[in-house]
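S.K.: One structure coming up, written as structure tokens, with questions to follow.
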Amino acid sequence: MNRNINSKKKTIFISVFVLISLIVASNVTFAAQVPENNIQTLIFSQSFSIPEIDQVNDYSEIYVKEANSDTIIQGMPLLPVFTKTFELPWGSKIIKVEFKQSDIKNLPISKKIEPIPIFEVAGGQTVSMKKTTENIFYQGDEVYPLEWYNIQTGAGINKNGQHVLFVTLFVNPVRYSSLEDTIYYMTDFEATIEYKQTKTIDFNSNKYDLVIITPEIFLDNLTKLVIHKENYGVKTNITSLEDIYMNYPGRDKPEQIKYFVKYALEEWGIKYVLVVGDLKNFPIRQTDAYPWTGFHGNGILTDLYYSDIYDSNYSFGSWDTNNNGIYGEVNFSHSLYDEIEPIDEVDLYPDLHIGRLACRNLNELDIVVNKIISYEKNTYGENWFKKIVLAGGDTFPPAKLSLPFVYEGEITNEQVAQELPEFEHIKLWASKHNLRAWTFNLAINKGAGFVSYAGHGFEHGWGTYRPNALRDRLNFNDPMYYISYVQFLKNKDMLPIIFWDACLTAKLDFYIKDYASYFKPLMNFIKLSGVEPDPTNYITCFAWSFLIEEDGGAIGTIGATRPAYSYVDRKGVHAGAGYLDWMFFKNYEDGICFGDMFSQAQVNYMNDIGRDYFTIEEYIILGDPSLKTGGYP
Ligand SMILES: [Ca+2]
Ligand SMILES: [Ca+2]
Ligand SMILES: [Ca+2]
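Each residue of the sequence shown is one higher than the one before, starting from 24 at the first, in my numbering.
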């Protein structure tokens, strides 16, 4: 493969752009000239207010005004974090980091600092949150977090579609000793980062914008979509899987596909990859980053594998750096601090945008292709588009060990709503008594550009609790929605993009035994029959069912291939599925493509919180990533 690396002009352009954008950001200075040895320097400083201490119930809560994030390690103390992300030109390598903090001061505290809840699988179906100071940290003499700061790098695309190196500083302005009942804090710091350019690639060949990868059986029926995309100036290539398997190297089929995507990125300058087929027709990567093995599957299914091409050293991201055939390995055997240790180096920052049409057959493909064409042609300027349906309830009622009167789904919905001030907000909330299967369908039938549901989810539907429910299992008193209700959607051409901030809705390997786990008689019947069901006999999952609904449904959905967690309290959304949900809508702007919104949500998540392998990998797009939201003018 010939790589074009001689585009000096473009490299200079990007350096200048980054220089300007960073100087505009507060408190950042750059060396004005590039010295001869090519080493550049970035200096960033920040002051912090003195920490405020609040006593809430049995715990102390710590606030630092300038902090923009929190610690998120389950079972450990909840402390403020300050994060700052820099975008360096693609190919930059960090040579040196210097971090100088002010003199450290301390304050005594009278109550233990509030622990972060532990998410546990409870009742065989859903996940509960448990707050406890059982963690060995609370009895020990360590100071937490262990360091004043750490730094994270990843190679990916930014909001403007440029390939960059993300460099994020995570600073802990407050550290805590439980044994001494004391917090230690800084009032300012200065960080100096030296870096130099080690590599360049010209990603701007502009031969194609979009590559559709499909098994041959779907080729002919995709011609219509290619013509439509070309008509709107989206240069589209279509390549068959059979071709890729003949011509590209790789240890297995997903790796061959990934090498082809890398080729298309470097030689053609593509931005979008659309893969076509369910798991029988198009493979997916299974990774190890799943904490609840055996509970609705083993390992995580993810298409991000195909779009995270480079690691932070700009090498091909194999996701199996120890070469043992297990991808995205992590160590969940909790150390003292309950941290997840990566074993394989996985970058996770997407280098292009990906989505999947999980078609089982030509009939499903034709339905979805027709919907995409009609959506992009007819949506522009329609009033219905500027509405968002926000659905949620009390995701973790007191029976799930959460405080009363904290309605996590509704809190998440509210944060999403604030990101879309120009949209009409249709709130279907358990606390308003208007969240029901029929009100959900009615709201979609009236037309909405987006739907955000935050609550519990299954392979075949959703359900959430009424406020302060005292039961720990959902029942018919709670708002519930099943896959069989999708057929009653008659929203025709008014097709929303739906974010399922919930477990399992995109479990592409859904099969009869998953279903039976909810219905004991069916499970008993399977056991009695003595025949082990075929796990590759896939059933249509909930998120996909909205795309193949002919009279309406959705134009695209985002869902989890495995159970998910969401960390939300009365102060807002901190991590997990809810954070990704919030970031997805935060990235909406007029005319943005579906895939760009989602990739930037992934980037924001990692820059704000860190590499949460579980959440970032398990969420996938079902739909066309190059879909123009709101249609073409
Ligand atoms: Ca491995
Ligand atoms: Ca990457
Ligand atoms: Ca709650």
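Ideal placement from N, C-alpha and C gives every residue a C-beta, glycine not left out. Predicted, not measured: the structure shown is a model, and the values here were computed from it.
(1) Taking 7 Å as the cut-off, is the CB of Asp343 close to at least one heavy atom of ligand 1?
(2) Closer than 8 Å by C-beta to Asn401: which residues in its own chain qualify, once you throw out the five before and the five after it? Chain order, please.
(3) Cβ of Asp211 within 7 Å of any heavy atom in ligand 3?
(4) Output needed for Gln56: all residues of its chain with C-beta closer than 6 Å, excluding positions within five of it in sequence on either side, in chain order.
(5) Whose beta carbon lies closer than 6 Å to any heavy atom of ligand 3, going through the chain in order?
(6) Using C-beta distances below 7 Å, list every residue in its chain close to Asn630, excluding the 5 sequence neighbours before and after it, in chain order.
(7) When the Cα atoms are used, what is the spatial distance from Ala624 to Trp605?
(8) Check whether the region 555-563 touches the region 534-545, taking contact to mean three or more Cβ pairs, one atom from each stretch, closer than 8 Å.
(9) Give the residues whose C-beta lies closer than 5 Å to at least one heavy atom of ligand 2, in chain order.
(10) Less than 7 Å separating the Cβ of Asp275 from some heavy atom of ligand 1?
(11) In chain order, what residues of the same chain have a beta carbon less than 8 Å from the beta carbon of Tyr430, not counting five sequence neighbours either side?
(12) I'd like to check one pair, Val474 with Ile395: are the Cβ atoms closer than 8 Å?
(13) With DSSP as the reference, please indicate the residues paired to Val591 in a beta bridge.
(14) Less than 8 Å between the C-beta atoms of Ile581 and Trp523, yes or no?
(15) Taking only the alpha-carbon atoms, compute the straight-line gap between Gly147 and Gln185 and give it to the nearest angstrom.
(16) In whole angstroms, what separates the C-alpha of Ala583 from that of Phe637?
(17) Go through its chain and collect everything with a Cβ distance to Val509's Cβ below 7 Å, but skip five positions before and after it.
(18) Any chance the region 95-106 sits against the region 190-208, with 3 or more Cβ pairs inside 8 Å?
(19) Taking Ala529 as the reference, which of Pro544, Thr563, Asn498 has the closest Cα?
(20) For Trp461, does the count of other Cβ atoms within 10 angstroms reach 16, so buried, or fall short, so exposed?
(21) So what's Ser330 in DSSP terms, helix, strand or just coil?
(22) Please report how far the alpha carbon of Lys119 lies from the alpha carbon of Leu233, in whole angstroms.
(23) Suppose only complete runs of 4+ residues qualify. What are the alpha helix (DSSP H) ranges in the region 257-311, listed by chain order?
(24) With a CB to CB cut of under 7 Å and the five nearest residues on each side skipped, what residues in its chain are close to Pro656?
(25) Residues in the same chain with beta-carbon distance under 7 Å from Tyr337, minus the five sequence neighbours each way, listed in chain order, please.
(26) Would you mind stating whether Glu289 and Val187 have Cβ atoms separated by less than 8 Å?
(27) So, are the CB atoms of Met620 and Asn627 less than 8 Å apart?
(28) From the DSSP output, which residues share a beta bridge with Val194?
(29) Who pairs with Gln78 in a beta bridge, going by DSSP?
(30) Between the Cα of Leu248 and the Cα atoms of Ser228, Ile390, Gly618, which residue gives the shortest distance?
(31) Could you say if the region 420-438 and the region 371-380 meet the contact criterion of at least three C-beta pairs nearer than 8 Å?
(32) How about Lys285 and Phe226: do their beta carbons lie closer than 8 Å?
(33) If we ignore side chains and look at the alpha-carbon of each, how far apart do Ile366 and Trp315 end up?
(34) Thinking Pro267 and Ile250 are a contact (beta carbons under 8 Å), I'd like their distance in whole angstroms, please.
(35) State yes or no: is the C-beta of Ala214 within less than 8 Å of the C-beta of Asp301?
(36) Taking 7 Å as the cut-off, is the C-beta of Ile434 nearer than that to any heavy atom in ligand 5?
M.R.: Here's the rundown:
(1) Here residue 343 refers to the residue found at position 320 when the sequence shown is read from its first residue. Asp343: yes, Cβ under 7 Å from ligand 1.
(2) Here residue 401 refers to the residue found at position 378 of the sequence shown. Within the same chain, Asn401 has close Cβ partners Asp516, Gly654.
(3) For the purposes of this step, residue 211 is taken as the residue at position 188 of the sequence shown. No, the beta carbon of Asp211 sits no closer than 7 Å to any heavy atom of ligand 3.
(4) Within the sequence shown, numbered from 1, the residue matching residue 56 stands at position 33. Note that Gln56 has pLDDT 49, beneath the 50 cutoff, so the model's placement of it is unreliable and no number is given.
(5) Asp417, Phe419, Pro420, Ser425, Val429, Tyr430, Glu431
(6) As a position in the sequence shown, residue 630 is number 607, starting the count at 1. Excluding sequence neighbours, Asn630 sits near Thr106, Thr108, Phe189, Thr191.
(7) Mapped onto the sequence shown, residue 624 falls at position 601. Mapped onto the sequence shown, residue 605 falls at position 582. Whole-angstrom Cα-Cα distance: 8 Å.
(8) yes
(9) Working through the chain, the matches are Ala178, Gly179, Asp331, Tyr333, Asp370, Tyr372, Asp374.
(10) Translated into the one-based positions of the sequence shown, residue 275 becomes position 252. The answer is no for Asp275.
(11) Indexing the sequence shown from 1 puts residue 430 at position 407. For Tyr430, where only same-chain residues beyond five positions count, the Cβ hits under 8 Å are Gly415, Gly416, Asp417, Thr418, Trp452, Ala453, Ser454, Pro490.
(12) Position 372 of the sequence shown, counting from 1, holds the residue named residue 395. Position 451 of the sequence shown, counting from 1, holds the residue named residue 474. Cβ atoms of Ile395 and Val474: not closer than 8 Å.
(13) Indexing the sequence shown from 1 puts residue 591 at position 568. Residue pairing by DSSP places Val591 opposite Val596 in a beta bridge.
(14) Residue 581 sits at position 558 when you count from the first residue of the sequence shown. Residue 523 sits at position 500 when you count from the first residue of the sequence shown. Their beta carbons are under 8 Å apart, which means Ile581 touches Trp523 by this criterion.
(15) Counting from 1 along the sequence shown, the entry for residue 147 is found at position 124. Counting from 1 along the sequence shown, the entry for residue 185 is found at position 162. Here Gly147 scores only 44 on pLDDT, less than 50, and its place in the model should not be relied on; the value that follows carries that caveat. Taking the straight line joining both Cα atoms gives about 44 Å.
(16) Looking up residue 583 in the sequence shown gives position 560. Looking up residue 637 in the sequence shown gives position 614. Rounded to whole angstroms, the separation of the alpha carbons of Phe637 and Ala583 is 10 Å.
(17) For this step, residue 509 is matched to residue 486 along the sequence shown. For Val509, where only same-chain residues beyond five positions count, the Cβ hits under 7 Å are Ser568, Phe569, Glu572, Gly576.
(18) yes
(19) In the sequence shown, residue 529 corresponds to position 506, counting from 1. Per the Cα distances, Thr563.
(20) As a position in the sequence shown, residue 461 is number 438, starting the count at 1. By the neighbour-count rule (16 or more Cβ atoms within 10 Å), Trp461 is not buried but exposed.
(21) What you label residue 330 is simply residue 307 of the sequence shown in a count that begins at 1. Residue state, collapsed to three classes: helix.
(22) Against the sequence shown, residue 119 aligns to sequence position 96. Against the sequence shown, residue 233 aligns to sequence position 210. Looking at the two C-alpha atoms, the distance is approximately 38 Å.
(23) 264-270, 276-286
(24) Your numbering for residue 656 matches position 633 in the sequence shown. Cβ neighbours of Pro656 beyond the five flanking positions: Tyr403.
(25) Mapped onto the sequence shown, residue 337 falls at position 314. If we look at Tyr337 and ignore the five residues flanking it on each side, its Cβ neighbours are Gly114, Ala178, Lys222.
(26) Within the sequence shown, the letter at position 266 stands for residue 289. Within the sequence shown, the letter at position 164 stands for residue 187. No.
(27) Locating residue 620 in the sequence shown gives position 597, where the first residue counts as 1. Locating residue 627 in the sequence shown gives position 604, where the first residue counts as 1. For Met620 and Asn627, no; Cβs fall outside 8 Å.
(28) Sequence index remark: in the sequence shown, residue 194 carries index 171 (1-based). DSSP, once it has assigned bridges, lists Phe105, Tyr172 as partnering Val194.
(29) Here the question's residue 78 lines up with position 55 in the sequence shown. Bridge partners of Gln78: Ser83.
(30) Counting from 1 along the sequence shown, the entry for residue 248 is found at position 225. Taking only the C-alpha atoms, the option nearest Leu248 is Ile390.
(31) Result no; under three Cβ-Cβ pairs closer than 8 Å.
(32) The residue you call residue 285 lines up with position 262 of the sequence shown. The residue you call residue 226 lines up with position 203 of the sequence shown. For Lys285 and Phe226, no; Cβs fall outside 8 Å.
(33) As a position in the sequence shown, residue 366 is number 343, starting the count at 1. As a position in the sequence shown, residue 315 is number 292, starting the count at 1. If you take the alpha carbons of Ile366 and Trp315, they lie about 18 Å apart.
(34) For the purposes of this step, residue 267 is taken as residue 244 along the sequence shown, with counting starting at 1. For the purposes of this step, residue 250 is taken as residue 227 along the sequence shown, with counting starting at 1. With the sequence shown as reference, residue 267 is identified as Ile, and Pro is not the correct amino acid for it. 23 Å between Cβ atoms; not a contact.
(35) Position 191 of the sequence shown, counting from 1, holds the residue named residue 214. Position 278 of the sequence shown, counting from 1, holds the residue named residue 301. Against a cut-off of 8 Å, the Cβ pair of Asp301 and Ala214 comes out as no contact.
(36) Ligand 5 is not part of this structure, which contains only ligand 1, ligand 2 and ligand 3.
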